[in-house]
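Engineer: To start, I am sharing the structure in question, which I have written as structure tokens.
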């Protein structure tokens with residue numbers, strides 16, 4: 001396992017904060033579940049790539065599964 005540098009940790013925190021702000025904006029103005037699940041999928045995709053890079057297999061598979069779940073949840077409302 002590689003040691004995570006501070007830039008990785010800070011970039012993850014900034015991404016989570018920006019995702020939170022975008023989710024709040026979505027809830028106040030657009031109210032689209034597809035956009036909300038897309039935001040969550042993007043956050044977990046970044047986390048999955050990071051976990052893969054640092055060779056954290058269990059967390060990588062968890063984050064990859066979360067990305068797939070959120071993509072499915074984002075696509076389902078668009079099918080109707």
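Residue numbers (full-length UniProt numbering): 1 to 80.
We treat Cβ as the ideally placed atom computed from N, Cα and C, and that holds for glycine.
Note that the structure is a prediction, hence the values are computed from the model and not measured.
1) Let me check you understand the geometry: is the CB of residue 38 closer than 7 Å to at least one non-hydrogen atom of the ligand MN?
2) So what's residue 54 in DSSP terms, helix, strand or just coil?
3) Between the Cα of residue 22 and the Cα atoms of 10, 11 and 37, which residue gives the shortest distance?
4) Comparing C-alpha positions only, which one of 49, 9 and 42 sits nearest to residue 20?
5) Taking DSSP as the reference, what is the three-state secondary structure of residue 6?
Structural biologist: Considering the structure as presented:
1) Among the ligands in the structure shown, none appear at all, so the ligand MN cannot be discussed.
2) Within the chain shown, the letter at position 54 stands for residue 54. It is coil, neither helix nor strand.
3) For the purposes of this step, residue 22 is taken as the residue at position 22 of the chain shown. The shortest C-alpha separation from residue 22 is found at 37.
4) By 1-based counting over the chain shown, the position of residue 20 is 20. Comparing Cα positions, the closest option is 42.
5) The residue labelled residue 6 in the question sits at position 6 within the chain shown. Three-state DSSP puts residue 6 in a helix.
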